[in-house]
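Notes to accompany the following structure.
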Amino acid sequence: MVDSSSFSIENRQKFLEEATGNKFDFVFTSCGFKEALFCLIASGLGFRCALFCEHDFENVLHTVVDTKDAGKKSIISLRERFPHLILPDEYLHIQKEKKRFSGLFSNTIKEKDLPRYEPTLQLSDGALVSLEREFKINANRLLISIIKSAVDNGVCILNHVNCDLGNEGELIISDRLNLIENSYSIHYDKLVQFSNPDNEQRTELHIYLNKKGLFLKRSVKFRVEDKLVRLIRYQDHFLLICESDNMNLDFVKKVLDELSSMFVHEISFNEDDIISSQIVSVDSKANLKDQLSALEKYCKQYLNVSGSEFVERLHKFSVIDSHFEGRKEIQELIEFADFKYDEAKQTGIDPISFKNVFYRFGSESEQLTELAYEWRAKYGPGEKLWQNVQLWYLYKHEMICSMNDYYARINSIDKTNPSSLSIDEEVMNKCLFV
507 MVDSSSFSIE NRQKFLEEAT GNKFDFVFTS CGFKEALFCL IASGLGFRCA LFCEHDFENV
567 LHTVVDTKDA GKKSIISLRE RFPHLILPDE YLHIQKEKKR FSGLFSNTIK EKDLPRYEPT
627 LQLSDGALVS LEREFKINAN RLLISIIKSA VDNGVCILNH VNCDLGNEGE LIISDRLNLI
687 ENSYSIHYDK LVQFSNPDNE QRTELHIYLN KKGLFLKRSV KFRVEDKLVR LIRYQDHFLL
747 ICESDNMNLD FVKKVLDELS SMFVHEISFN EDDIISSQIV SVDSKANLKD QLSALEKYCK
807 QYLNVSGSEF VERLHKFSVI DSHFEGRKEI QELIEFADFK YDEAKQTGID PISFKNVFYR
867 FGSESEQLTE LAYEWRAKYG PGEKLWQNVQ LWYLYKHEMI CSMNDYYARI NSIDKTNPSS
927 LSIDEEVMNK CLFV
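Offset between the sequence shown (1-based) and this note's numbering: plus 506.
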């Protein structure tokens, strides 16, 4: 029997029925990072909020917080609330030619010290390497964590619904999944829209790359044809991000050749090592700094929250999956993840698979471990057990209504990779998905 309060497809009708009982202060017909975080803050101040969206929740947040923005107070405050989803990431920024006076900067690494930072690098004479600090964001999971925290705080949120204007202050909501026959009348004081279609758009080339057993101590930045390329480390793959407007194979080869040239001869990358690649359209204001700056203005406009109060409010709302007993720094999180793996390893889960679960679900991963031990006799230890455990958690707690919703929740780029724990589609078809 499903928990009547859980954020599950089985409770969609209940959420809509309850939404008709009261008037909302704020209603949104889209649900992205700004909208969800606004409602989480507003609900903590006593406002009634609802978010409805036509398709699934809309993730537009960029995965990187640039060096120049990493010290912003609002970013640090948000990072402290979601330490497993906004991770510090050190970069070795490699430039082929030294610039005048570059050696005077405090973040410049001397050539003799480079093996201490990354022993596999083998650079040409005259190259300049500097140490930079950024953050990498698990953007999909950050949005879902904010949404679940908002739901837990009384915000009404539903995906896959139609929204039609009724009388003044009225919104007619109907289910696009055809699981609910009736439409529902929602009343509101303010219908709010945060999106700005006039923002400048740019395109990026994203290449997901097989790690080939390479363990890097730090991520890497370099340039190809004067375009900045980031090589970002993840548990089971690398992600190359580069500003580009096409999928030109010659340019992709140049990027891979340049990457290979920076390492010892035993390490090289070619097109066969690409898991997947895509051109991604990026809103110029999709970075975390600009998103929080815009949200700060909206909080002042609608909630009468000043700039200093805004940063303070980021410390005050309740978050469901960040109960790490004060552990916030990256080394503390790594050690805590190792500790939690020790608790789970008798279920037969692979270490990398468990780390993916830990950084995906945070402290909620404890629920999954408990269920894995409970279901071990049914499924046996190992991958199949954890595929079903992860599916159960997503189904019961994260409003997945389709295969696309499911893959979005687990950020699965390689559905054949066992460490993603993605379920077979045949199993999914036995659920109530459409």
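In this text, a Cβ means the ideal position worked out from N, Cα and C, and glycines have one as well.
Residue range of the alpha helix (DSSP H) that includes residue i
i	result
L683	Premise fails: L683 is in no alpha helix (DSSP H) and is neither H nor E.
T875	S871 to Y885
C545	F539 to G550
E749	No alpha helix (DSSP H) contains E749, which is instead part of the beta strand (DSSP E) from F744 to E749.
Q807	L794 to L809
K654	A645 to D658
K861	P857 to F867
I916	M909 to I916
Beta-carbon proximity list for residue i, same chain, < 6 Å, skipping 5 on both sides
i	result
K529	H693
L798	S580
L584	L820
K759	none
I929	Q893 and L897
A850	F860 and T875
D658	I826
Residue i versus the options, residue with shortest Cα-Cα distance
i	options	result
V474	K642, E586 and Q628	The chain is shown from 507 up to 940; residue 474 falls before or after that span and cannot be answered.
P621	L649, F588 and R724	R724
K834	N517, D732, E777 and H590	H590
L734	I747, N752 and Q741	I747
E731	K718, D763 and F721	D763
H743	N754, F721 and E676	F721
L567	L927, V788 and M909	V788
G527	L551, S814 and E676	E676
G660	C545, G719 and E640	C545
S824	A800, E674, E586 and I515	E586
Q519	E687, I773, L551 and Q741	E687
Three-state secondary structure (DSSP) of residue i
i	result
H693	strand
V761	helix
A525	helix
S636	strand
N894	helix
C669	strand
C559	coil
T569	coil
I781	strand
E516	helix
R587	helix
E676	strand
F553	coil
L720	coil
Q699	coil
R833	coil
Q707	strand
L627	strand
T614	strand
F823	coil
I929	coil
Close Cβ partners of residue i (< 7 Å) along its chain, the five nearest in sequence each way excluded
i	result
S812	K806
L765	L737 and F775
F866	Per the sequence shown, the amino acid found at residue 866 is Arg instead of Phe. Within the same chain, R866 has close Cβ partners R647 and I916.
A525	A556, C662, Y690 and I692
E564	S536, C537 and G538
F607	Confidence in F607 is poor, its pLDDT being 49 and thus under 50, which makes the residue's placement too unreliable to answer from.
S680	V667, N668 and S689
P887	T853 and G854
F769	T626, L627 and Q628
A914	D562 and N646
CB contact flag (residue i, residue j, <8 Å)
i	j	result
L685	F521	no
T535	C555	no
D827	S651	yes
V726	I836	no
T709	V786	yes
V635	I653	no
P857	E889	no
F700	K540	yes
S767	F757	no
E904	F588	no
N793	D575	yes
A878	V895	yes
H712	L683	no
N716	D670	no
Cβ shell of residue i (< 8 Å), same chain only, five flanking positions each side left out
i	result
K846	F860, F864, S871, E872 and T875
D531	A548, F553, R554, C555, Y694, D695 and K696
Y623	L598, I615, V635, L637, K723 and R724
A843	F860, K861, F864 and Y865
Span of the beta strand (DSSP E) around residue i
i	result
P594	I592 to Q601
C662	C662 to L664
S725	S725 to V730
L737	K733 to R739
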